[in-house]
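Undergrad: One structure follows; several queries about it will come next.
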Amino acid sequence: MKKLFINTLLLSSAALLPVVAPTAFAAGEAKNVIFFLGDGMGPTTVTAARIYKYKEEGELHMEKLDGKTRTARVKTYSKDAQTTDSAPSMAAYMTGVKMNNEVLSMSADTVAIKPTGADSNCPATSNGTAVDTILEIAKAKGKAVGAVSTARITHATPAATYSHICHRDAENNIAAQAVVGGAGYNTKLGTGLDVLLGGGRDYFLPNTGVGAAKGKRTDGRDLTAEVVTQGYTYVNSGSALNAVDGKTTNKLFGLFNASHMEYELDRVKKSIDEPSLTTMTLKAIDILGKNADGFFLMVEGGRIDHALHGTNAKRVLEDTIAFDDAIKAALDEMEKRDPGLANTLIVITADHDHTMAFNGYGKRGSDILGTVKSYKDGTELLDVNGKNYTTLVFGNGPNRPAIRSTLVAGTADSTQVLHDDYLQETGVKLGSETHGGGDVMLFATGAGVASKTFKGTIDNTKVFSLLNSAFGF
Amino acid sequence: MIKYVIFVMAFFVEFAVAAPLSAVMTFESMTITSEGVRKQTQFQEKFIRDNNTIWSERIIPTSTKQHAHSDHEGHGHDLNFATAAKWIVKDAASQIKFRFVRINDKKIIEPRVTEYETLGFNGDWESAYFLLNRDVLKKMIVLKQQSPNGSTWYEKKNAQEFTRILWDETHQIPLSIETGRLDGTMDNKITIAINSAPKTLPWNQIAQYQTIAYEDLLD
């Protein structure tokens with residue numbers, strides 16, 4: 117009876133909390149926020165990556181957070197689309213505003229206008245207004261801020277943190293918004309981003325340059341030189357990043373590829389001199405963590421999405437594991453700096469799903485990239501025409517053979533399903549595999565009760581208000 | 009003297025192979041499903057090769073309605089390269105470059121080397137240039153059956169499947185490649201018909217095309 121009474125009391129208190137004291141528990145506890153975004157990392161990708169690396173019974177690091185109780189589902193639709201693209205979905209997380217597809221961190225009335233090449237055609241007025249991002253708000257409150265991605269740093273996800281534009285493809289303008297003191301700089305960033313690491317060098321270099329110095333800018337500017345004059349350390353290789361001392365560096369720009377950075381599988385197998393996502397994340401924490409008022413850091417596993425569009429499941433899973441490893445590294449590092457993550461909120465989510473699906477009924481322990489083998493006797497399961505099929509397939513995309521053939525679970529060449537370059541088959545034949553409109557998962561930990569506010573099925577715009585509240589803004 | 013003869017022979021072999029070779033490839037496949045349905049497909053591609061260049065391109069019947077390759081799927085892009093020409097070039101340093109060409113769009117799509125194999129090119133010049141790796145012929149038996157001048161039939165089979173190739177020694181190209189099941193439920197055949205090369209080779213007509221990166225189509 118006593119137990120029942122206590123339970124009732126707790127329930128009553130919990131019900132009252134949001135009304136009576138909305139900030140007493142949830143707000144003001146997060147000095148630092150690290151926001152991890154797996155681009156396109158829908159639930160099937162999470163499950164497949166778990167099995168790929170840790171078997172069915174195992175767990176990804178992102179799944180181990182905080183007793184597994186801080187998992188939410190996030191609705192991802194945009195203002196005009198049932199299925200979003202990365203621009204409005206990430207912008208919803210960063211601003212709390214639901215906007216149209218292609219639009220980055222602008223008001224809901226903004227219409228996407230396609231650029232010419234990478235140069236914006238957005239009118240200066242009469243097409244919406246910029247809305248503050250959580251990164252900009254954090255900067256204004258004295259926090260150090262940064263963004264890290266394996267995609268181009270001017271690509272939709274990282275761009276949504278620090279820029280405002282009516283179309284995501286205007287990457288020359290997006291790059292200019294990150295460069296302190298230059299034409300087109302986003303003054304909402306105050307003294308500027310403290311860390312920016314990723315790919316996309318082309319949008320920082322003039323198209324009149326020669327060789328490696330040739331980029332896509334049509335205004336003749338070399339933004340990599342401009343940031344150096346503004347006091348930034350600029351690096352363009354993994355070895356150069358390793359040589360940066362985070363304890364003595366306060367402003368860091370790193371652009372490690374002309375376009376997107378390499379997939380993790382290629383980076384490792386071909387020993388390409390680019391940093392891992394883990395290395396970039398830890399370097400960013402080194403630099404941002406020196407600020408006494410704390411920091412906001414966004415980390416994107418940007419190429420998960422690209423491999424999904426290409427229906428190449430192996431690279432999807434390799435990049436997802438690299439993303440998960442970066443989460444583990446950040447957790448360990450922040451645990452050292454802030455024991456128990458008392459004042460550090462870590463949020464992990466995706467911006468949208470894809471159409472990757474998981475076929476049955478495979479035997480436990482089967483290779484997730486392989487063909488489906490019966491859980492009863494391990495024999496190949498066959499379609500109605502007597503052909504075997506892979507566990508992972510896609511709802512749509514370019515790889516729909518006119519006549520299906522028997523698949524070989526080998527690695528001899530890219531027609532064999534375990535080869536690095538095998539492309540999974542698709543249902544509906546489309547030119548490109550599309551995003552999916554299903555909900556995505558969100559995991560959170562740290563900062564006391566702040567992480568506990570991420571629960572239930574929530575709209576993507578709600579994530580912004582929870583971040584804002586956790587920071588105590 | 010022997011060295012000189014070998015050099016001259018090598019020169020003529022190289023000369024014979026090097027001249028622009030043009031052909032039409034007809035791809036046919038047939039399968040009989042377990043539901044008793046016979047499915048057949050057929051399409052054709054142009055194939056042209058010169059010393060250091062290979063070009064193949066789907067032949068589209070004029071009555072077929074073509075899609076535009078713009079952003080007709082929202083932010084999505086068209087990654088279906090079935091109707092794009094495949095353009096492979098070997099440079100003086102034997103570095104191989106693989107690209108797609110969309111004639112209707114006047115666009116060249118350039119993948120990274122690490123993306124070649126996911127796009128159907130394994131980087132093997134021999135297989136692309138000769139349409140097979142000629143070493144496979146050494147592992148096949150010669151069939152004593154009639155064949156066009158300068159060509160030979162080869163075969164390899166086991167209890168279930170067969171591969172049959174008609175190899176044209178003069179032009180260094182197969183005239184037929186056929187694989188199938190001996191029970192008749194599946195058959196794939198490529199027939200190569202040599203024709204006269206066009207006066208202007210296709211890769212000499214694309215200088216004004218816009219080049220874009222394959223990865224720009226991936227988001």
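For the protein sequence lines, the chains are A and B, in the order given. In terms of this note's numbering, the first sequence opens at residue 117 and continues consecutively. In terms of this note's numbering, the second sequence opens at residue 9 and continues consecutively. For glycine and all other residues, C-beta sits at the position ideal for the given N, C-alpha and C. Since the model is a prediction, treat every value here as computed from it, not as a measurement.
#1: Would you mind reading off the limits of the alpha helix (DSSP H) that contains Glu118 (chain B)?
#2: Does the separation of the CB atoms of Leu457 (chain A) and Ile403 (chain A) fall below 7 Å?
#3: Once DSSP output is grouped into helix, strand and coil, what is the label at Lys197 (chain B)?
#4: For Ile185 (chain B), which residues from the same chain have a beta carbon less than 6 Å from its beta carbon, with the 5 sequence-adjacent residues on both sides left out?
#5: So which residues on chain A does Glu186 (chain B) lean against when the C-beta distance must stay under 7 Å?
#6: Check each candidate in B:Glu118, B:Ile67, B:Thr61 and B:Asp58 and name the one with the smallest Cα separation from Thr219 (chain B).
#7: Just the C-alpha distance for Thr487 (chain A) and Phe510 (chain A), rounded to the nearest angstrom, thanks.
#8: According to DSSP, is Lys105 (chain B) part of a helix, a strand, or is it coil?
#9: Reducing DSSP to helix, strand and coil, say where Phe587 (chain A) ends up.
#10: Does chain A have any CB closer than 7 Å to the CB of Ser78 (chain B)?
#11: Tyr222 (chain B): buried (16+ other C-beta within 10 angstroms of its C-beta) or exposed?
#12: Could you work out which residue in B:Ile67, B:Asn88 and B:Met38 is closest to Thr542 (chain A) when comparing CA atoms only?
#13: Tell me which residue opens and which closes the beta strand (DSSP E) that Val264 (chain A) is part of.
#14: DSSP three-state call for Leu225 (chain B): helix, strand or coil?
#15: Please identify, using Cβ separations under 7 Å, the residues of the region 42–61 of chain B that lie next to chain A, in order along the chain.
#16: Buried or exposed: where does Gln293 (chain A) fall if 16 or more other Cβ atoms within 10 Å of its Cβ makes it buried?
#17: Taking 6 Å as the limit between beta carbons, can you name the residues of its chain near Gln532 (chain A), skipping five residues before and five after?
#18: Please tell me whether Glu125 (chain B) has its Cβ less than 7 Å away from any Cβ of chain A.
#19: Does any C-beta atom of chain B lie closer than 7 Å to the C-beta of Ala356 (chain A)?
#20: Going along chain A in order, which residues have a C-beta closer than 9 Å to the C-beta of Thr91 (chain B)?
#21: Taking only three categories from DSSP, how would you classify Lys214 (chain A)?
#22: Within the 7 Å Cβ cut-off, does His177 (chain A) reach chain B?
#23: To the nearest angstrom, report how far apart Thr550 (chain A) and His470 (chain A) are at their CA atoms.
#24: For Glu349 (chain A), which residues of its own chain have a beta-carbon under 8 Å away from its beta-carbon, when the five flanking residues on both sides are left out?
#25: Between Pro274 (chain A) and chain B, is any beta-carbon pair separated by less than 7 Å?
#26: Any chance you could list the alpha helix (DSSP H) runs of at least 4 consecutive residues sitting entirely within the region 379–411 of chain A, in chain order?
#27: Are the CB atoms of Thr61 (chain B) and Lys97 (chain B) within a distance shorter than 7 Å?
#28: Extract the residue ranges of the beta strand (DSSP E) inside the region 406–488 of chain A, only unbroken runs of 3 or more that lie entirely within it.
#29: What are the residues of the region 211–222 of chain B that lie near chain A, defined by any Cβ-Cβ distance shorter than 8 Å?
#30: Could one say the Cβ of Asn428 (chain A) lies closer than 7 Å to chain B's Cβ atoms, at least one of them?
#31: With a cut-off of 7 Å, does the C-beta of Ser37 (chain B) fall near any C-beta of chain A?
#32: Below 6 Å CB to CB, which residues in the same chain sit around Gly553 (chain A) once its five sequence neighbours on both sides are set aside?
#33: Would you mind working out which of B:Ala100, B:Tyr217 and B:Pro156 sits nearest Ile200 (chain B), comparing C-alpha positions?
#34: Are the Cβ atoms of Glu380 (chain A) and Asp435 (chain A) separated by less than 7 Å?
#35: Which word fits Glu416 (chain A), buried or exposed, when buried means at least 16 other C-beta atoms lie within 10 angstroms of its C-beta?
#36: Counting pairs of beta carbons, one from the region 313–332 of chain A and one from the region 258–278 of chain A, are three or more of them closer than 8 Å?
TA: Taking the coordinates as given:
#1: Note, Glu118 (chain B): premise wrong, no alpha helix (DSSP H); beta strand (DSSP E) at Lys115 to Glu118.
#2: no
#3: strand
#4: Ile173 and Ile198
#5: Ordered by position in chain A, no residue passes the 7 Å Cβ test against Glu186 (chain B), which lies about 15 Å from the chain.
#6: B:Glu118
#7: 14 Å
#8: strand
#9: helix
#10: Because Ser78 (chain B) carries a pLDDT of 48, less than 50, the predicted location of this residue cannot be relied on, and no value is offered for it.
#11: buried
#12: B:Asn88
#13: Ala260 to Arg268
#14: helix
#15: Ser42, Glu43, Lys47 and Thr49
#16: buried
#17: Val524 and Gly526
#18: yes
#19: no
#20: Simply none; closest approach about 10 Å.
#21: coil
#22: no
#23: 6 Å
#24: According to the sequence shown, residue 349 (chain A) is Thr rather than Glu. These residues qualify, in order along the chain: Val360, Thr365, Lys367, Leu368 and Phe369.
#25: no
#26: 380–385 and 393–404
#27: Here the sequence assigns Val to residue 97 (chain B), which means Lys is not the residue at that position. Yes.
#28: 411–417, 460–466 and 472–474
#29: Ala221
#30: yes
#31: yes
#32: Gln198 and Thr199
#33: B:Pro156
#34: yes
#35: buried
#36: yes
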